[in-house]
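Taken in order, these protein sequences are the chains called A and B. Each number in this note's numbering comes from the position in the first sequence (counting from 1) with 447 added on. Each number in this note's numbering comes from the position in the second sequence (counting from 1) with 5 added on. Right, one structure below, let's go through it.
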Amino acid sequence: MKLIGEEVDMNNINIKQSDSFLNIIRNEFKLIFSDGGVLLILVFAMLIYTMIYSSAYGNEVVESVAIVVVDEDNSAESRSVINGLRAGQRTAVRYEVANMTEAKELFYTRGAHGIIFIPDGFERDVLAGNQANIGVILDGSHLLLYRQVLEQVTEDVLSLGASLEVMRLVANGADDLAAMDVVQPIIYDGHILHNPSMGYGSFVMPSIVVVIIQQTLLIGLGMLGVRRKGLQLTTLNPIKSIVAKLLTYIIIYGINLTVILAIIWPIFGFPYEGATIDVVIIFTLYIIAAASLGLTLSHLFKRREAPLMLLLWSSVPVLLLAGVSYPKEAFPEWLYLIGRVFPSSSAVNAYVNIGTAGASLIDVSEDLIVLIALTLVYLALAIVAEHKALHKSSME
Amino acid sequence: MSLVNSILSSFKREILEVARDRLYMAVLIVIPVAMVLFFAVMFYRGEIEDLPIAIVDHSHTQTSYKLVNMIDATPGVAVTYNVQSTADAYRLILQGDALAMLYIPDDFEANIYRGIPAKVECYLLGTNISADGVIERDVQQTVMTLSAGISLNKLQSEGIGYSEALVEITPINIHSNIVANPYLNYGYYLAPIFMFMAVVILTVVCTTYAIGRELRYATATKWLEASGNSLAGALMGKLLPITIIMSLMTQFILLILIVFMGMNCAGSYLFLTVGCILFIIAYQAVAIAIVSVTANLRLALSLGGGYAVMAFTFSGITFPVSAMYEWTQPLSKLFPLSYFSDIFIDQMMIGTPLSYDIPKAISLLLFLPLIAISWRRLSRVVRDETYWRRS
Numbered sequence: 448m449k450l451i452g453e454e455v456d457m458n459n460i461n462i463k464q465s466d467s468f469l470n471i472i473r474n475e476f477k478l479i480f481s482d483g484g485v486l487l488i489l490v491f492a493m494l495i496y497t498m499i500y501s502s503a504y505g506n507e508v509v510e511s512v513a514i515v516v517v518d519e520d521n522s523a524e525s526r527s528v529i530n531g532l533r534a535g536q537r538t539a540v541r542y543e544v545a546n547m548t549e550a551k552e553l554f555y556t557r558g559a560h561g562i563i564f565i566p567d568g569f570e571r572d573v574l575a576g577n578q579a580n581i582g583v584i585l586d587g588s589h590l591l592l593y594r595q596v597l598e599q600v601t602e603d604v605l606s607l608g609a610s611l612e613v614m615r616l617v618a619n620g621a622d623d624l625a626a627m628d629v630v631q632p633i634i635y636d637g638h639i640l641h642n643p644s645m646g647y648g649s650f651v652m653p654s655i656v657v658v659i660i661q662q663t664l665l666i667g668l669g670m671l672g673v674r675r676k677g678l679q680l681t682t683l684n685p686i687k688s689i690v691a692k693l694l695t696y697i698i699i700y701g702i703n704l705t706v707i708l709a710i711i712w713p714i715f716g717f718p719y720e721g722a723t724i725d726v727v728i729i730f731t732l733y734i735i736a737a738a739s740l741g742l743t744l745s746h747l748f749k750r751r752e753a754p755l756m757l758l759l760w761s762s763v764p765v766l767l768l769a770g771v772s773y774p775k776e777a778f779p780e781w782l783y784l785i786g787r788v789f790p791s792s793s794a795v796n797a798y799v800n801i802g803t804a805g806a807s808l809i810d811v812s813e814d815l816i817v818l819i820a821l822t823l824v825y826l827a828l829a830i831v832a833e834h835k836a837l838h839k840s841s842m843e
Numbered sequence: 006m007s008l009v010n011s012i013l014s015s016f017k018r019e020i021l022e023v024a025r026d027r028l029y030m031a032v033l034i035v036i037p038v039a040m041v042l043f044f045a046v047m048f049y050r051g052e053i054e055d056l057p058i059a060i061v062d063h064s065h066t067q068t069s070y071k072l073v074n075m076i077d078a079t080p081g082v083a084v085t086y087n088v089q090s091t092a093d094a095y096r097l098i099l100q101g102d103a104l105a106m107l108y109i110p111d112d113f114e115a116n117i118y119r120g121i122p123a124k125v126e127c128y129l130l131g132t133n134i135s136a137d138g139v140i141e142r143d144v145q146q147t148v149m150t151l152s153a154g155i156s157l158n159k160l161q162s163e164g165i166g167y168s169e170a171l172v173e174i175t176p177i178n179i180h181s182n183i184v185a186n187p188y189l190n191y192g193y194y195l196a197p198i199f200m201f202m203a204v205v206i207l208t209v210v211c212t213t214y215a216i217g218r219e220l221r222y223a224t225a226t227k228w229l230e231a232s233g234n235s236l237a238g239a240l241m242g243k244l245l246p247i248t249i250i251m252s253l254m255t256q257f258i259l260l261i262l263i264v265f266m267g268m269n270c271a272g273s274y275l276f277l278t279v280g281c282i283l284f285i286i287a288y289q290a291v292a293i294a295i296v297s298v299t300a301n302l303r304l305a306l307s308l309g310g311g312y313a314v315m316a317f318t319f320s321g322i323t324f325p326v327s328a329m330y331e332w333t334q335p336l337s338k339l340f341p342l343s344y345f346s347d348i349f350i351d352q353m354m355i356g357t358p359l360s361y362d363i364p365k366a367i368s369l370l371l372f373l374p375l376i377a378i379s380w381r382r383l384s385r386v387v388r389d390e391t392y393w394r395r396s
């Protein structure tokens, strides 16, 4: 085995020329494992990227977002507002400063992502039964941080307001329940069915892993294709050749996926629901589709560096086109439909619903049908391209 | 040959190379422009609108119809399905047709009249937190609005005047002021970073290719000879076209953001432009180091590409750095994009005084010593044939 980065002798490899099915698989493994560059992308990249992304997103929840309080009132009532904010999970009152200038300084240096301003006269208004005011300055440049601060402040201030109101009503002779009903006649009761902590890693990692499979197959097979041209591999039957190669990739990616879902997922606490057989079916189809696309495209590259240079950038657009990490309702439908030519779009949607939400194959039938259709089309293309290439090399 | 002449002749040689090499042309010009346009279309709308939800209304009353209509009227949610049972609604969710279910129990209106708090249950899937957040916000706000309206009626029916009743319901009023991105446009939040990401990836790819190609195809001697055997001149002349084109690309991005997407520059455009150039040079320095150390075009592209793509995650735009594990947080400092995204947000969106961003610009300059550190290695690999022809 060559070390990663070591020079690859393009033509000197011990390849046994035999047309048997097992031999084609053996040759494919030899090709991959004798080439550090391809090995890095087809075998190791998936695990490396999954671990790095999991380390970044694994902590899941945005909590204790730093905020700064300016309390001009300095009263019992204003203290109770601040104590409420201190008790909340989403924010942390990191600073209490004397004036807005100091608060802005913290805001500009990103020491705080929100400013809470309690004006002079706050307690006076509360006690007099007037409407009291609180000012909040929020940072709209980071929507996840923004949401946490806004939700915490709203929740605290509303509940403080509600308790003030209940106290007034009870003081005026109402009983507790009746007072509660006047304050809040309808209660919103929210439930989250899966991923209950609304974790970011649990949300985004399944899509990322699915996209990595396709991207590494396209780049790796492209690089391998350039090398294949230098070797005189004689196989008479293109169908046999393609099926044997696909089996090689099902084995490699099957092992990688097992490691990811069985070891890495539990370590970071990402959800895995759904029947394993459904997951196996989705991924098998997907690997066949993506590898066939990779084998087809591999005939187009003449230089080994070309697939990396031409495909590296496409991972991010491909991830977005699947319409999960950024919801498909937010971008033009025609763009989403174009994106469906990539097997990743159907696989992301199907796998997220099965793997995270525990849906069945029947539930995701729409994506399943698209994925099967793409698999058949790309498989046929791969066989045709292989046939042409074999024909050409036998002519030479 | 003077340094200036040496730079000029290397520059000329590189421009001819770009014109001749279609792969080079593609990664330097065609793909960056295409990516910027792609993200502009992707994020143009900028609002997450009309997310489909399913309603199970067992109340069938005036108040429940009113609630459903109010929810349907919110920008983020569209009541797409009205089904009989929660099981039917759950099926729609698993199929991906609906993203959430709202359940209104049969005693809903009766409880309101009886003076017992009535419940509305909202079930979110949890697999898509950006969509779920929008649904939760709109449904919760609508429920609160309806609830407040009912409170107001009850208080008024007890003989309390409208304005007094209003104070009763909201004794404390929140005045919120959103700095940067006041309309909370997802496009303003995400499009810039994705577009600059394209610049990051392609700057690294082009810089790596420009140098690595001379090794891979054993043309390093010709390259040095063309620049009078001055490595400094040869390197500057070679990388300058990339610096210039990628800087123009950042201007193109700012143009698209301002003219097409309607953003405003709240701070100093000039400083932002300087930041763009420093940011590109910082990435070029990293690419020089990687290609010098590996002396292998393909491996340098794999590593450099991986590094470039990672920047997106570690800049903290999608998931904030402060929320990452403590041991991963320092990693964000290793990526020029982290400093640049702060400069961009400050100068484009917030209008932060420049004094806060000068340290960030200096941080970008701190990537330049990488060139000096890898200089000896680079001058060896471009002259020693044993490092060439690696693929």
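By construction, the Cβ of each residue, glycine as well, lies at the ideal position given by its N, Cα and C atoms.
Who are the Cβ neighbours of residue i in its own chain at under 6 Å, not counting the five residues just before and after it?
i: K749(A); result: none
i: L8(B); result: G238
i: D55(B); result: A83
i: T299(B); result: A305
i: D520(A); result: I565, D567, F569 and E570
i: F199(B); result: F44
i: V516(A); result: I529, V540, E543 and I563
What residues in its chain sit with their C-beta under 7 Å from that of residue i, if we drop five residues either side in the sequence?
i: K449(A); result: Residue placement at K449(A) cannot be trusted, given a pLDDT of 41 that sits under 50; what the coordinates show is reported in the next sentence. Hits under 7 Å: V455, S481, D482 and G483.
i: S368(B); result: Y344
i: S501(A); result: G648, M652, I711 and F715
i: G452(A); result: Low local confidence applies: a pLDDT of 43 at G452(A) is under 50, so the model's placement there is unreliable, and no value is given.
i: H63(B); result: I109, P110 and D111
i: I801(A); result: G721, D725, V726, I729 and V811
i: I20(B); result: P246
Just confirm the distance between the C-beta atoms of residue i and residue j, as a whole number of angstroms; I'd bet it's less than 8 Å.
i: T208(B); j: Q334(B); result: Incorrect: roughly 25 Å between the Cβ atoms, too far for contact.
i: L171(B); j: L157(B); result: 7 Å
i: N580(A); j: N178(B); result: 5 Å
i: E510(A); j: Q536(A); result: 6 Å
i: A131(B); j: I639(A); result: Reading the sequence as shown, one finds Gly at residue 131(B) and not Ala. So it is a contact: roughly 4 Å between Cβ atoms.
i: I729(A); j: Y798(A); result: 6 Å
i: N642(A); j: T803(A); result: 6 Å
i: T318(B); j: A503(A); result: 5 Å
i: M756(A); j: L220(B); result: Contact doesn't hold; Cβ gap of about 15 Å is too wide.
i: L160(B); j: E141(B); result: With 8 Å as the limit, L160(B) and E141(B) do not qualify as a contact, their Cβ atoms being about 28 Å apart.
i: A185(B); j: G587(A); result: 5 Å
In the DSSP assignment, the beta strand (DSSP E) including residue i goes from what residue to what residue?
i: S337(B); result: Element bounds for S337(B): n/a, residue is neither H nor E.
i: C127(B); result: A123 to L129
i: N87(B); result: V82 to N87
i: N580(A); result: A579 to D586
i: L260(B); result: Here L260(B) belongs to no beta strand (DSSP E); instead the alpha helix (DSSP H) covers L236 to L260.
i: A513(A); result: V512 to D518
For residue i, which residues in the same chain have their Cβ closer than 8 Å to its Cβ, ignoring the five residues on either side in sequence?
i: E475(A); result: A691, K692 and T695
i: Q145(B); result: C127
Following the continuous alpha helix (DSSP H) through residue i, name the residue where it begins and the one where it ends.
i: A105(B); result: Here A105(B) belongs to no alpha helix (DSSP H); instead the beta strand (DSSP E) covers A105 to I109.
i: G311(B); result: L302 to F319
i: G672(A); result: Y647 to G677
i: N116(B); result: F113 to R119
i: R541(A); result: Element bounds for R541(A): not the alpha helix (DSSP H) but the beta strand (DSSP E), T538 to V544.
i: I216(B); result: Y191 to R221
Interface residues of the stretch 475–493 of chain A facing chain B [CB-CB below 9 Å]: Only G483, G484, L487, I488 and A492 from the stretch 475–493 of chain A bring a Cβ to less than 9 Å from some Cβ of chain B.
Members of the stretch 578–590 of chain A that neighbour chain B once the beta carbon cut-off is set at 9 Å: Listed by position, the residues of the stretch 578–590 of chain A near chain B (Cβ gap below 9 Å) are Q578, A579, N580, I581, G582, V583, I584, L585, D586, G587, S588, H589 and L590.
Contact list for the stretch 527–544 of chain A against chain B, Cβ threshold 9 Å: Of all residues in the stretch 527–544 of chain A, only V528 place a beta-carbon less than 9 Å from a beta-carbon of chain B.
Selection of the stretch 600–623 of chain A by Cβ proximity to chain B, strictly under 9 Å: Here the close residues are V600, T601, V604, L605, L607, G608, A609, L611, E612, R615 and L616.
Contact the stretch 627–644 of chain A vs the stretch 486–498 of chain A: 3+ CB pairs below 8 Å: Not touching, per the Cβ criterion.
Any 3 or more C-beta pairs closer than 8 Å across the stretch 274–291 of chain B and the stretch 37–55 of chain B: Verdict: no, contact absent.
Against chain B: residues of the stretch 622–656 of chain A by CB proximity under 7 Å: Within the stretch 622–656 of chain A, the qualifying residues are A625, M627, D628, V629, V630, Q631, P632, I633, I634, Y635, D636, G637, H638, I639, L640, H641, N642, P643, M645, Y647 and F650.
Touch test, the stretch 236–251 of chain B against the stretch 213–227 of chain B, Cβ-Cβ under 8 Å, three pairs minimum: Contact between the stretch 236–251 of chain B and the stretch 213–227 of chain B is present, because at least three Cβ pairs lie under 8 Å.
Near-chain A residues of the stretch 170–189 of chain B - C-beta to any C-beta below 9 Å: Cβ proximity to chain A below 9 Å picks out L171, V172, E173, I174, T175, P176, I177, N178, I179, H180, S181, N182, I183, V184, A185, N186, P187, Y188 and L189 from the stretch 170–189 of chain B.
Stretch-stretch touch, CB-based, cutoff 8 Å, three pairs: the stretch 60–80 of chain B with the stretch 95–107 of chain B: The stretch 60–80 of chain B, when compared against the stretch 95–107 of chain B, does touch it at the 8 Å Cβ threshold.
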